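Worksheet: one structure, shown below.
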Amino acid sequence: MPVRQVMPGVSSHAALRSVCALSLVLCLVHPLRALEAPHLSIGLAGEGLRQGVLLSWSAVPGTDEYRVYRKFSPQGASELLATLPDTSLVLTPGSQSMTFYWVLASGATSWPDTPAPVPVHDPQRVISLFSESYFPWVVDTWSAPWDQAELTLLDLEGNATLLYTQLNYAGIEFISAPLDARLLTHLHLDVWTPGPTAAPAEFRIKLVDFGANGVWNGGGDDVEDELTFNELSSPALGSHGWYGLDIPLQDFSGLVTREHLAQLLFSGDPDSVFVDNLYFWSENDLQPPDQPPPAPIPQLAVQNVLSLFSDSYPAWPVDTWSAGWDQADLETVVLQGNPALHYTNLSWAGIEFIGHPIDAWGLSHLHLDLWTSQEVQPDTEFVVRLVDFGGNGVYGGGDDSEHDVAWNSSSQPPLQAFSWVGIDIPLAQFSGLAATEHLAQLLLLGDLSDCWVDNLYLYDDGSFQPPASPLAPAPVPGLPAMHVISLFSDSYPDVPVDAWSSDLWPDMADVSEVVLQGNAMKLYTNLEFAVIDFASQPISASGMTHIHLDLWIPDALDSQSVVSLTLIDFGANGVWDGGGDDVEGQLSLTPQSVPPLRRGRWLSLELPLADFEGLQTTDHLARIVITSGPDSLYLDNLYFYDGCAARSATPLVYFR
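Numbering (numbering that gives the first Met the number 0), first residue to last: 0 to 655.
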């Protein structure tokens with residue numbers, strides 16, 4: 000809901016459409032203060048010659064009467080048309096070409112005469128949500144989209160004040176920066192209302208803790224409690240004056256934890272309230288915690304994440320979290336069962352995954368959760384650097400690129416102390432990266448010499464839309480033919496294959512051959528189980544070390560998606576008899592494996608035969624079985640190759 004900015008002594012005007020050939024300019028004026036023109040609207044009433052001008056306006060809290068005025072020029076004399084208690088009036092149009100209307104809402108006690116009192120609590124003992132006397136906490140919204148309230152941001156003699164009208168319930172949210180109130184003892188707010196506060200009137204305040212997972216799910220680890228205030232409560236709430244409410248947090252007895260406060264709600268009646276100086280405070284000195292609580296639990300679907308460090312997702316292989324050349328000390332600390340990285344003496348820390356470079360194609364953002372106990376000044380920066388080593392896979396090889404992105408107190412969410420800050424950086428902001436297909440380093444640097452890091456991952460926010468089919472053929476293999484036994488590739492002679500989808504049960508897959516830019520590939524559809532059969536001429540792969548294949552998946556993936564490859568050796572007798580000398584081994588790929596499944600691009604796989612557990616011999620290979628969660632896939636360049644070629648090939652696990 001938009002917040003209306005209202006400044007004292009300034010009239011708001013709006014030129015609206017012509018009515019009965021008259022141009023109308025409207026404003027609604029409150030004693031000493033002018034409200035915005037959107038409070039006052041114009042329309043037509045009646046038909047034909049009886050048609051009139053309908054003025055209507057929002058009710059102003061505590062108003063005794065409304066006086067409607069008219070004049071025909073900005074400098075002309077004003078004419079009082081009506082004095083009434085209602086919020087609408089039908090008028091006969093004026094006879095001039097330009098008519099100005101305005102409404103004066105009068106009431107001796109409908110508006111505070113002065114701002115709320117200046118708070119007296121020590122700033123060192125305060126965490127403030129809304130007050131000009133203290134540094135503010137991060138608040139996402141003062142009136143959530145799901146609430147039922149109108150919010151106006153007022154200026155009372157230079158002091159910002161919140162005005163809630165038509166208040167059923169109003170939601171204040173700070174979900175992006177949950178507040179740990181374990182060391183705080185009270186909630187304070189100053190309230191002014193023109194409405195009655197005697198029973199049965201009830202002004203209610205609710206605090207909500209989202210729990211460690213950081214989301215509202217209506218159960219699980221969410222807790223909340225609500226208190227009621229009127230003129231008989233303690234502390235008491237009265238009318239027509241500023242009432243300071245200092246509420247012990249222990250009175251919220253149902254709030255069994257205050258470690259992840261994320262919402263504060265106002266509800267009940269009176270339905271119009273002015274609020275200022277909303278903050279938490281402690282009776283005691285706040286001793287800075289020596290370590291943070293666990294970071295919020297990520298909520299992204301696992302298939303959309305490539306994680307470096309998080310308990311919530313399978314981890315990508317990382318060579319080091321603090322490289323030998325960096326200037327940082329590192330300790331992995333377990334926070335209530337959740338590991339986090341604690342960097343101290345940090346000038347720059349080098350996180351390296353050179354052994355398994357990341358191809359970030361199809362990923363949109365980098366995320367990390369950051370916590371620091373250091374004071375954050377306006378010029379304090381936390382910097383993240385991504386480095387791509389290029390196709391040669393080494394630093395300094397001529398095709399490297401890198402870029403820094405800085406985070407500070409002006410970022411969203413802002414950098415701040417003693418709170419986990421969830422940093423989400425679009426990869427597009429790393430504009431100095433010439434490519435993101437060979438990411439090998441991530442550096443942390445800047446002004447924070449002591450910080451904690453958790454939930455470091457890359458993810459797809461759903462904005463990426465891959466093509467429905469390959470736009471180009473699979474990469475052309477570069478291995479010498481003498482080191483290859485090929486089943487299907489335009490680059491090598493192929494051995495005979497009896498069937499690419501056999502009639503053996505439960506093979507129900509359909510297979511066709513598709514030619515793209517002169518290059519043949521296999522397209523499998525209705526794929527759950529497909530048998531590639533070459534039993535009539537088994538392959539002796541004892542001199543081979545790897546199997547290669549290129550896959551392209553058009554279907555959307557989820558956490559259950561899997562593509563499995565099973566190699567079957569029939570043994571010396573050359574027949575499948577379910578035992579005897581038959582052996583087989585299987586490898587599976589998922590969105591969380593290394594390498595991960597990705598849709599909408601060619602995935603080049605180099606799989607060591609030694610990793611097919613149970614495949615004790617490869618002298619009589621007769622079948623390859625593909626089982627797949629994706630319903631469709633394209634296949635190209637299916638071949639075995641030997642160790643000599645492997646030593647000269649690109650790294651074991653890679654994307655192209």
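Where a beta carbon is used, it is the ideal one built from N, C-alpha and C, also for glycine.
Keep in mind that this is a model prediction, so the values were computed, not measured.
Boundaries of the beta strand (DSSP E) in which residue i is found, first to last residue
{"i": "Q262", "result": "260-267"}
{"i": "P425", "result": "420-425"}
{"i": "A473", "result": "Run containing A473: none; DSSP gives neither H nor E here."}
{"i": "R660", "result": "Absent from the structure is residue 660, since the part of the chain shown begins at 0 and ends at 655."}
{"i": "W370", "result": "364-370"}
{"i": "P607", "result": "601-607"}
{"i": "N572", "result": "Careful: N572 lies outside any beta strand (DSSP E) and carries neither H nor E."}
{"i": "N276", "result": "272-280"}
{"i": "R203", "result": "202-208"}
{"i": "D224", "result": "222-228"}
{"i": "D245", "result": "242-247"}
{"i": "D403", "result": "400-406"}
{"i": "L596", "result": "Counting along the chain, L596 falls outside any beta strand (DSSP E), and DSSP gives it neither H nor E."}
{"i": "V52", "result": "51-56"}
As assigned by DSSP and simplified to three states, the class of residue i
{"i": "D358", "result": "coil"}
{"i": "V28", "result": "For V28, the predicted model reports a pLDDT of 34, less than 50, meaning its position is unreliable; a value from the coordinates is still stated below. If DSSP states are grouped into helix, strand and coil, V28 belongs with the strands."}
{"i": "D665", "result": "Any property of residue 665 remains undetermined from this structure, which presents the chain solely from 0 to 655."}
{"i": "H482", "result": "helix"}
{"i": "A434", "result": "coil"}
{"i": "V561", "result": "coil"}
{"i": "P135", "result": "strand"}
{"i": "N636", "result": "strand"}
{"i": "V301", "result": "helix"}
{"i": "D580", "result": "coil"}
{"i": "Q123", "result": "helix"}
{"i": "Q290", "result": "coil"}
{"i": "Q428", "result": "helix"}
{"i": "G445", "result": "strand"}
DSSP beta-bridge partners of residue i
{"i": "Q440", "result": "E351, V386"}
{"i": "N337", "result": "L334"}
{"i": "T82", "result": "R66"}
{"i": "D459", "result": "Paired residues: none, contrary to the question."}
{"i": "I567", "result": "E583, R622"}
{"i": "Y342", "result": "L329, C450"}
{"i": "S306", "result": "A314, Y456"}
{"i": "L588", "result": "V562"}
{"i": "S87", "result": "S55"}
{"i": "F129", "result": "L277"}
{"i": "A498", "result": "D532"}
{"i": "T319", "result": "E351"}
{"i": "T256", "result": "Answer by DSSP bridge pairing: none, since T256 is not bridged."}
Local Cβ density within 10 Å of residue i, reported as buried at 16 or more and exposed below that
{"i": "F134", "result": "exposed"}
{"i": "T160", "result": "buried"}
{"i": "A433", "result": "exposed"}
{"i": "S430", "result": "exposed"}
{"i": "N525", "result": "exposed"}
{"i": "V331", "result": "Before going on, a small fix: residue 331 reads as Thr here, not Val. Burial call: exposed."}
{"i": "R181", "result": "exposed"}
{"i": "Q615", "result": "exposed"}
{"i": "W406", "result": "buried"}
{"i": "S281", "result": "buried"}
{"i": "S462", "result": "exposed"}
{"i": "S535", "result": "exposed"}
{"i": "W110", "result": "buried"}
Contact with chain B by residue i, beta-carbon distance below 7 Å
{"i": "T196", "result": "Of the protein chains in this structure there is only one, and it is not chain B."}
Check: residue i C-beta below 6 Å from any heavy atom of the ligand NAP
{"i": "W575", "result": "Inclusion of the ligand NAP in the displayed structure is not the case, the ligand content being empty and no account of it being possible."}
* To do: Pick out the complete beta strand (DSSP E) segments inside the stretch 502-556, 3 residues or longer, and give them in chain order.
  => 509-515, 518-524, 528-532, 545-551
* To do: Quick one: which unbroken beta strand (DSSP E) runs of 3-plus residues sit fully inside the stretch 156-197? Chain order, please.
  => 158-172, 185-191
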